[in-house]
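Residue numbers (this note's numbering): 128 to 621. No residue lacks a Cβ here, since even glycine has one placed at the ideal position from N, Cα and C.
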């Protein structure tokens, strides 16, 4: 099949690589979960919007969030559990009482489940369940433990499948005591798990931990009474429609809303995760909104050095480290946490659509490499490589139609007409592919194409595609052979 519009003597501009924002070596959150579906199914996870989420502050989805502190006014409630695949080393309730006595009686052990709305002091209630665990509190499946198991061996994961005993621990405390009470709750749960040889469960983040991993992530990462939120939350990212939706799990343990970002591409997953993570950190450190629906997130102002410094160290030179966030009440979806939702939007940045505005924010905050632009004439070798790439497109279209793996994406290099009538070849990340028509997000900043912006949703013709690049979920890349030829044509870099 011929590459329509490509001639051997054509003078063109070509972008060898898509624009990249700062990608940091540390993942956005300690547990960034990529999924092919929205809901992560556990017995305790509701499938309809919880009443608490539906009625929280009479939140209207899409309306600006209120000014002031995101911290909830009423008491905070959360649940941990300790699973036992074998008989506990000692009686779990006795171990709990012993450890509480050493803490001076705080939190206070209740004889009945706490009513969170009436908690005027830190309280705890424990249910030693030996009868309904397999029915009502079953541990995660082997598949889930591959993603949600922290420090769990395969043998432990297999044993958990038949675990029929669990100590289920509910905590509640006034919101203003959140950090201090949380530290005690984390320590208490860990100590009981160590005393009894159990594995720890976090109901909000839906993770199972070995005691050592709980110590490492949940205890040792506090600094000056401030948690590193990357160790207390997860981000669940999944395809929703044509693009990706991401949501935090675990913010409610601190009396804070979970954070949502919608309609972004897999290639932006990591910088978007960093943005979500840093906003979560700012909230737990006491961020307040000066006006409804707006917050200026200054990465340099974050207090927790281990959360802040890796982000600043890896900023590009043109990164401002300040994100002008628009915040609205999020729309609850099946599998979301039972909590208020703050959704980040990007309309304080310029762009012809919300996708371009997203890119404008990420580039402004984290910085970006300058696009490499090459002027050249197509030769026989380049055209042959392009023809070979184009021949692979039907197979790629079929793979896209069947559904790519979470985190996997396809880019195509397509022509855009310049002011002078020639072509500027740029990368497009595929969002929709119907017949010859490919729709996707422009991944380069145009040089000579007016009224077009990086990140914008565009349409291109499959017949005119010059090359492709497929990035698999494990980081492998396929295609982009023309860029190698272009690099040789340019000669060694000086």
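Beta strand (DSSP E) runs wholly inside the segment 244-271, at least 3 long, in chain order: 250-256
Ordered along the chain, which non-local residues of its own chain (more than five positions away) have a Cβ less than 6 Å from that of residue 150? Position 23 of the chain shown holds residue 150. Residue placement at residue 150 cannot be trusted, given a pLDDT of 33 that sits under 50; the coordinates are not used to answer.
Rounded to whole angstroms, what is the Cα-Cα separation between residue 370 and residue 449? Numbered from 1 along the chain shown, position 243 holds the residue referred to as residue 370. Numbered from 1 along the chain shown, position 322 holds the residue referred to as residue 449. One C-alpha to the other measures close to 25 Å.
Given a cut-off of 8 Å on the beta-carbon distance, is the pair residue 526 and residue 587 in contact? To locate residue 526, count along the chain shown from 1; it is residue 399. To locate residue 587, count along the chain shown from 1; it is residue 460. Contact flag unset, no.
List, from N- to C-terminal side, the beta strand (DSSP E) runs of 3 residues or more that fit wholly inside the segment 380-431. 385-391 and 421-425
List, from N- to C-terminal side, the beta strand (DSSP E) runs of 3 residues or more that fit wholly inside the segment 461-489. 468-472
Alpha carbon to alpha carbon, how far is residue 364 from residue 532? Position 237 of the chain shown, counted from the start, is the residue given in the question as residue 364. Position 405 of the chain shown, counted from the start, is the residue given in the question as residue 532. Those two C-alpha atoms are separated by around 12 Å.
Does the distance from the C-beta atom of residue 583 to that of residue 434 stay below 8 Å? Residue 583 sits at position 456 when you count from the first residue of the chain shown. Residue 434 sits at position 307 when you count from the first residue of the chain shown. Cβ distance not < 8 Å, so residue 583 and residue 434 don't count as in contact.
If you measure between the beta carbons of residue 554 and residue 578, is that distance less than 8 Å? Numbered from 1 along the chain shown, position 427 holds the residue referred to as residue 554. Numbered from 1 along the chain shown, position 451 holds the residue referred to as residue 578. Result no, Cβ atoms of residue 554 and residue 578 do not sit closer than 8 Å.
Three-state secondary structure assigned by DSSP to residue 349: Along the chain shown, read from residue 1 onward, the residue named residue 349 stands at position 222. In the three-state reduction of the DSSP assignment, residue 349 falls in the coil class.
How about residue 216 and residue 323: are their beta carbons less than 8 Å apart? Looking up residue 216 in the chain shown gives position 89. Looking up residue 323 in the chain shown gives position 196. Yes; because the gap between Cβ atoms is below 8 Å, this pair is in contact.
Note the first and the last residue of the continuous beta strand (DSSP E) segment covering residue 542. Counted from its first residue, the chain shown places residue 542 at position 415. 536-544 is the extent of the beta strand (DSSP E) around residue 542.
How many whole angstroms separate the CB atoms of residue 328 and residue 208, which I take to be in contact at a CB cut-off of 8 Å? As a first step, residue 328 is located in the chain shown; it is residue number 201 there, counting from the start. As a first step, residue 208 is located in the chain shown; it is residue number 81 there, counting from the start. Beta-carbon to beta-carbon, residue 328 and residue 208 are separated by about 4 Å, close enough to satisfy the 8 Å threshold.
Is the number of C-beta pairs between the segment 381-393 and the segment 458-476 that are closer than 8 Å three or more? yes
Less than 7 Å between C-beta atoms, sequence neighbours within five positions excluded: which residues of the same chain meet that for residue 97? No information on residue 97 is available, as it lies outside the stretch 128 to 621 that the chain covers here.
According to the neighbour-count rule (16 or more other Cβ atoms, all chains shown, within 10 Å of its Cβ), is residue 438 buried or exposed? On the chain shown, position 311 is the one that residue 438 refers to. Buried is the label assigned to residue 438, since at least 16 other Cβ atoms lie within 10 Å of its Cβ.
Say the cut is 7 Å; is the CB of residue 501 nearer than that to a heavy atom of the ligand ADP? What this structure holds is no ligand at all, so the ligand ADP is not there to describe.
Distance, Cα to Cα, residue 518 vs residue 610? Here residue 518 refers to the residue found at position 391 when the chain shown is read from its first residue. Here residue 610 refers to the residue found at position 483 when the chain shown is read from its first residue. If you take the alpha carbons of residue 518 and residue 610, they lie about 17 Å apart.
In angstroms, rounded to a whole number, what distance separates the CA positions of residue 347 and residue 432? What you label residue 347 is simply residue 220 of the chain shown in a count that begins at 1. What you label residue 432 is simply residue 305 of the chain shown in a count that begins at 1. C-alpha separation (whole angstroms): 14 Å.
Please classify residue 589: is it buried, with 16 or more other beta-carbons within 10 angstroms of its beta-carbon, or exposed? Along the chain shown, one-based indexing puts residue 589 at 462. Per the 10 Å Cβ criterion, buried.
Assumed close pair residue 353, residue 192 - CB separation to whole angstroms, cut-off 8 Å: Locating residue 353 in the chain shown gives position 226, counting from the first residue. Locating residue 192 in the chain shown gives position 65, counting from the first residue. Rounded, the Cβ-Cβ distance is 23 Å, inconsistent with contact.
Secondary structure at residue 279, three-state DSSP: helix, strand or coil? Here residue 279 is taken as the residue at index 152 of the chain shown, counted from 1. Of the three classes helix, strand and coil, the one that applies to residue 279 here is coil, per DSSP.
Hey, how far is the Cα of residue 268 from the Cα of residue 288? Counted from its first residue, the chain shown places residue 268 at position 141. Counted from its first residue, the chain shown places residue 288 at position 161. C-alpha separation (whole angstroms): 7 Å.
Put residue 289 into one of helix, strand or coil per three-state DSSP. Here residue 289 is taken as the residue at index 162 of the chain shown, counted from 1. Looking at residue 289 - three-state DSSP - the assignment turns out to be coil, as it is neither helix nor strand.
Among residues of its own chain, excluding the 5 on either side of residue 390, which ones have a beta-carbon nearer than 6 Å to its beta-carbon? Position 263 of the chain shown, counted from the start, is the residue given in the question as residue 390. Excluding positions up to five away in sequence, the list reads 370.
Per the DSSP calculation, residue 373 is bridged to which residue(s)? Position 246 of the chain shown holds residue 373. BP columns for residue 373 point to 364 and 388.
Residue 263 to residue 257 span [Cα, whole Å]: The sequence position of residue 263 within the chain shown is 136, counting from 1. The sequence position of residue 257 within the chain shown is 130, counting from 1. Looking at the backbone, the Cα of residue 263 and that of residue 257 are separated by about 11 Å.
Verify whether the separation of the beta carbon atoms of residue 444 and residue 494 is less than 8 Å. Counting from 1 along the chain shown, the entry for residue 444 is found at position 317. Counting from 1 along the chain shown, the entry for residue 494 is found at position 367. For residue 444 and residue 494, yes; Cβs fall inside 8 Å.
Please name the residue or residues paired with residue 191 in a DSSP beta bridge. One-based indexing of the chain shown puts residue 191 at position 64. Paired residues: 455.
I believe residue 345 touches residue 313 by the beta-carbon criterion, under 8 Å. Please report the beta-carbon distance rounded to the nearest angstrom. Translated into the one-based positions of the chain shown, residue 345 becomes position 218. Translated into the one-based positions of the chain shown, residue 313 becomes position 186. The Cβ separation is near 5 Å, so the contact holds.
Is residue 297 helix, strand or coil by DSSP? Position 170 of the chain shown, counted from the start, is the residue given in the question as residue 297. It is a strand residue.
Backbone CA spacing between residue 514 and residue 562 [nearest angstrom]: Within the chain shown, the letter at position 387 stands for residue 514. Within the chain shown, the letter at position 435 stands for residue 562. Between the alpha carbons of residue 514 and residue 562 lies a distance of about 18 Å.
Can you check whether the CB of residue 543 is closer than 8 Å to the CB of residue 521? Against the chain shown, residue 521 aligns to sequence position 394. Against the chain shown, residue 543 aligns to sequence position 416. Remark: C-beta atoms of residue 521 and residue 543 do not approach each other more closely than 8 Å.
Opening and closing residue of the beta strand (DSSP E) in which residue 524 lies: Here residue 524 is taken as the residue at index 397 of the chain shown, counted from 1. Run containing residue 524: none in the beta strand (DSSP E); it sits in the alpha helix (DSSP H), 520-529.
When DSSP labels each residue in this structure, what does residue 226 get in the three-state scheme? As a position in the chain shown, residue 226 is number 99, starting the count at 1. The answer is helix: DSSP assigns residue 226 an H, G or I state.
Less than 8 Å between the CB atoms is what I'm expecting for residue 551 and residue 576, so what's the real figure, rounded? Translated into positions along the chain shown, residue 551 becomes position 424. Translated into positions along the chain shown, residue 576 becomes position 449. Indeed, because the Cβ distance is near 5 Å, the residues count as touching under 8 Å.
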